[in-house]
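Just below is one structure, and these are the notes that go with it.
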Amino acid sequence: MTEQLTEQEATAAASGAAATARFRQKNLQVNASQERVNAIATDALQALHEVIRKHKVTYSEYDALKAWLIQVGEDGEWPLFLDVWIEHVVEQVANENRKGSAGSIEGPYYVPGAPELPSECTLPMREDEPGTPLALYGRVTSVDGEPLPHAKVEIWHADDLGYYSQYAPGLPEWNLRGTCIADEEGRYKIHTIKPAPYEIPKDGACGKLIAAAGWSAWRPAHLHLKVSAPGHQLITVQLYFDGEDYVDNDIASAVKPELILKPTPVGDGDGLEAHKDFVLDPE
Ligand code: MBD
Ligand code: FE
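In C-alpha cells form, the structure reads like this:
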C-alpha cells in the first residue's frame, strides 16, 4: 500500500523531478546559428574565468562546485535554479520594447491546460481551503485602449502553506489553478485565497547554496498569470501584495513596483479584493 503524503512532506527532489518532467514536455524551438552559439558560449565561459581569477578560486572550491552542479541535476533543480537566479534578466531583455503592461518571470511551476472558467469565477480549491479570501478583478485591453473580449487569464499560485499543486504531494491536481475567460468587455474577476510566501526547499542543491552563502530563501507571496488574446502578445506576469514580507527582498529578483497590488477589505469578513488591468501589445 502506498502512503498518502501531505504537502508539508514535499521534498526538493520530488518537486524538482516534477518541474524537470514538466519542462521536458515543452515544445523547444531553438535555432541559434553556429556563430551565435560561439559568441554566447565564449562570453559566458570568459565571464566565469574572470570570476575564478578575481577570487583566486582553489581546487577544493572547484571540486565543491563540481559536486554541487552534479547535485543540482540529481535533485531535478535545474528549472528552479535557472528560474530563481537567471530568468529575470532573460525576461527583462525579452520584454524591453513592450508598450503594454510589465511582465515578470514564469518560474518552474506553470502547468498548461488548467480548467476553463467563466469571467467571474472561483479557482478550483479544497473544501475549507485555508487562507484569506481574495478577489482579483480588472480588465484586459489592447495598447490602444480597446477591450479584448474573451481574453484568457490563466492563473496559478501557492496555497496558504506556500505549496503548488502538482509539485507537492496531497493536493488536488488543479488546486488554485485555472483559466478564466474574460467577458465581452475584457473584464474578469477571480475568487481565490491569498497565497503564502514561497521558501526555496532547504533539502536540495539550491537550498544548500542559499545556506552556504547566508542568503534569504524566500520569495514574497505572489500570484502567477499568463494573459493572452488573439492578435496580441501573451504576457507572463506575477503580482505581489503591498507591504508584505520579502517584497523588497525577493530571492528571484522578480518584483517590479507596478506589479504590487494594494488589496482592500471587502464585506464584513476577512476577505480582500485587488484590482489589476492588463494591457497587451499587438503581435
Ligand atoms: C516560485 O514559486 C517561483 O515563482 C519562482 C520564480 C521560483 C521558485 C518558486
Ligand atoms: Fe511562484
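The numbering used here puts the first residue of the sequence shown at 716, with every later residue one more than the last. From the three backbone atoms N, C-alpha and C, an ideal C-beta is built for every residue, glycine too.
Heavy atom of the ligand MBD within 7 Å of residue i beta-carbon
i: A967; result: yes
i: S822; result: For the sequence presented, residue 822 should be read as Gly rather than Ser. Answer for G822: yes, Cβ within range of the ligand MBD.
i: R892; result: no
i: R1000; result: A question about residue 1000 goes unanswered here, because the residues of the chain that appear run from 716 up to 998.
i: V799; result: yes
i: L795; result: yes
Any non-hydrogen atom of the ligand FE within 7 Å of residue i CB
i: A873; result: yes
i: Y913; result: yes
i: H939; result: yes
Beta-carbon proximity of residue i to residue j, cut-off 8 Å
i: Q948; j: L974; result: no
i: I905; j: G815; result: no
i: W783; j: A967; result: no
i: A725; j: G791; result: no
i: R854; j: R902; result: yes
i: T735; j: E831; result: no
i: D874; j: L891; result: yes
i: L849; j: K941; result: no
i: A911; j: L876; result: yes
i: K971; j: D957; result: no
i: A944; j: L995; result: yes
i: D898; j: S834; result: yes
i: S730; j: P916; result: yes
i: P884; j: E998; result: no
Cβ-based burial, residue i [other Cβ within 10 Å; buried from 16]
i: D758; result: exposed
i: M716; result: Because the pLDDT of M716 is 48, which lies under 50, any placement of that residue in the model is unreliable, and the question is left without a value.
i: Y824; result: buried
i: H764; result: exposed
i: W871; result: buried
i: S819; result: buried
i: H770; result: exposed
i: Y882; result: buried
i: G984; result: exposed
i: A809; result: exposed
i: T979; result: exposed
i: E802; result: buried
i: I767; result: exposed
- Unbroken stretches of the alpha helix (DSSP H), 4 residues or longer, contained in the stretch 797-869: 802-809
- Task: Please go through the stretch 738-784 and give each complete alpha helix (DSSP H) segment of 4 or more residues, from N-terminal end onward.
- Result: 749-770
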